[in-house]
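Reading through the structure tokens given below for one structure.
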Amino acid sequence: MELIRKWKPAENSSNGYKVYHIIHLMNLRGIDLNLLVVLDALLEEGHVSRAAQRLNMSQPAVSSALQRCRDVFGDTLLERGGGRMTRTPLAQALRAPLRSILAEVEALLEPGDIPLDRVERVVRITAADDPTAMLAHPLMEELARTAPGITIVFRPWQGQEAVTRELLDGETDLAIAVFDQEIENVEIHTLLDIENVVAMRADHPAAAVFDLDAWLDWPHVVVSGHGDLRTALDLQLASSGRRRQVGLVVPSFQLVPRVLAATDFIAMLPRQSIEAQAGFGLAVRSPPIRIDDFPLHLASHTRQARDVAVQHVAGVIRAAFEQVQMSKPAVRPT
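Rendered as structure tokens:
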């Protein structure tokens with residue numbers, strides 16, 4: 222039975238390898254499928270000890286399995302360097318098809334429907350800090366009631382390119398982010414629309430008479446996971462001959478309200494973020510220029526379509542954000 226794809230260098234490929242066609246490198250009668258499970262853990266963890274701990278195996282057994290995988294694929298797969306192990310281009314290219322193969326095998330061998338309260342599974346969710354803060358409590362509360370064997374791991378959001386790669390490679394099961402285009406083999410659903418507001422401390426000089434000039438007279442806080450000083454908002458202002466002063470860049474929306482409460486800084490951020498930290502008593506105003514709402518999405522790879530745990534978690538996430546969308550705004554900009 223054909224099981225593994227043949228890989229060879231390809232031009233214009235992001236990782237230097239590409240699947241060309243299936244060849245008969247393995248036969249299911251001649252290999253222990255658990256070897257692929259070990260390989261999957263090794264490629265995700267990039268560390269023999271962590272993979273062993275995850276699989277509840279001894280480190281020597283995992284090291285032996287890694288050597289067998291190297292023999293099968295004719296590649297080192299994991300290379301040591303700089304005090305850590307890195308995936309080779311072939312190993313990186315193997316991740317997505319390996320995940321898909323294992324998902325199909327699990328679905329084939331699934332002995333009927335397992336009750337949710339008996340499911341044991343780790344579900345990884347990639348999300349920025351704000352969605353995580355909004356979601357963590359209702360998600361864990363519902364899972365404690367319906368599926369206590371599901372463990373949630375929140376992974377940090379590091380940009381759209383990174384989260385897309387994580388979904389395709391199987392590093393994450395679900396992603397909460399803004400996706401501006403369709404992605405092959407990835408299902409994307411809208412969770413809610415994000416409304417931007419301008420916030421400042423309650424007695425800020427700009428709060429009394431707030432207009433475009435007042436907004437631009439004071440330094441701004443910019444939220445950027447990459448440390449960018451300028452965003453699409455600055456391009457919008459530049460098109461009308463205006464600019465703002467950026468006084469601070471932080472990686473998280475959760476850091477902003479405390480800064481605003483103690484300084485003269487002003488920030489534009491999602492209304493939902495302000496609502497989650499209403500204790501700072503900030504003044505909230507509507508943006509003095511047109512700023513369109515944008516959708517927040519939930520995405521998963523199609524390989525997860527029959528994964529009971531992932532689908533249940535996705536359903537809980539959608540329900541939680543439906544409640545947020547339907548609730549009356551606690552913060553009304555003026």
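Under the working numbering, the residues of the sequence shown are numbered 222 to 555, in order.
Every residue, glycine too, gets a C-beta built ideally from N, C-alpha and C.
Asked: Start and end of the beta strand (DSSP E) containing V343?; Found: R342 to A348
Asked: Entirely within the region 517-552 and at least 4 residues each: give me those alpha helix (DSSP H) ranges in chain order.; Found: 529-547
Asked: How is R271 classed by DSSP in three states: helix, strand or coil?; Found: helix
Asked: Does the beta-carbon distance from A504 to R422 come in below 9 Å?; Found: yes
Asked: Going by C-alpha to C-alpha distance, which of A262, A420, D351 and L323 sits closest to L298?; Found: A262
Asked: Which same chain residues end up closer than 6 Å to L412 when comparing Cβ atoms and leaving out the 5 residues on each side of it in sequence?; Found: L517, L519 and F542
Asked: On the DSSP bridge assignment, give the partners of F431 in chain order.; Found: Beta-bridge pairing links F431 to no other residue.
Asked: Decide if H578 is buried, meaning its Cβ has at least 16 other Cβ atoms within 10 Å, or exposed.; Found: Any property of residue 578 remains undetermined from this structure, which presents the chain solely from 222 to 555.
Asked: For A317, which three-state DSSP category applies?; Found: helix
Asked: Taking the alpha carbon of D449 as the reference point, which residue from V467, P359 and M306 has its own alpha carbon closest?; Found: V467
Asked: Which same chain residues end up closer than 8 Å to P491 when comparing Cβ atoms and leaving out the 5 residues on each side of it in sequence?; Found: D351, I415, E416, N417, V418 and F474
Asked: Out of Q525, R539 and V545, point me to the one whose CA is closest to V326's CA.; Found: Q525
Asked: CB R533 to CB L337, shorter than 9 Å?; Found: In the sequence as presented, Arg is not what sits at residue 533; that position holds His. Cβ atoms of H533 and L337: closer than 9 Å.
Asked: Out of P281, T484, I335 and L454, which has the shortest C-alpha to C-alpha gap to R511?; Found: L454
Asked: To the nearest angstrom, how far is it from the Cα of R275 to the Cα of T372?; Found: 13 Å
Asked: Would you kindly work out how many angstroms separate the C-alpha atoms of A459 and F515, rounded to a whole number?; Found: 21 Å
Asked: Is the Cβ-Cβ distance between I346 and D394 less than 9 Å?; Found: yes
Asked: Please name the residue in H358, H425, A348 and A272 whose C-alpha comes closest to that of T484.; Found: H425
Asked: Any idea what DSSP makes of M278, helix, strand or coil?; Found: coil
Asked: Would you say M421 faces chain D, with C-beta separation under 9 Å as the test?; Found: Annotation note: the requested chain D is absent from the structure, which comprises a single protein chain.
Asked: Mark G536 as exposed unless 16 or more other C-beta atoms lie within 10 angstroms of its C-beta, in which case mark it buried.; Found: exposed
Asked: Over the uninterrupted beta strand (DSSP E) stretch that includes A398, give me the two end residues.; Found: L395 to A398
Asked: Run through DSSP, which three-state label would L287 get?; Found: helix
Asked: Alpha carbon to alpha carbon, what distance is there between W378 and A398?; Found: 8 Å
Asked: Can you list, in chain order, the residues of its chain whose CB lies under 7 Å from that of A435, leaving out five sequence neighbours each side?; Found: A427
Asked: Count the other CB atoms within 10 Å of the CB of P281; is the residue buried (16 or more) or exposed (fewer)?; Found: exposed
Asked: Could you check where the alpha helix (DSSP H) with I495 kicks off and where it finishes?; Found: R492 to A497
Asked: Mind reading off the beta-carbon distance from L260 to C290? Whole number of angstroms is fine, and I expect it under 8 Å.; Found: 5 Å
Asked: Figure out for me which residue from R463, S445 and A314 has the closest Cα to the Cα of L433.; Found: R463
Asked: Would you identify the three-state DSSP class for N248, choosing helix, strand or coil?; Found: For N248, the pLDDT reaches just 48, beneath the cut-off of 50, and the residue's location in the model is therefore unreliable, although a value from the coordinates is still provided. Three-state DSSP puts N248 in coil, outside helix and strand.
Asked: When you compare the CB positions of M355 and Q493, do they come within less than 9 Å of one another, or not?; Found: yes
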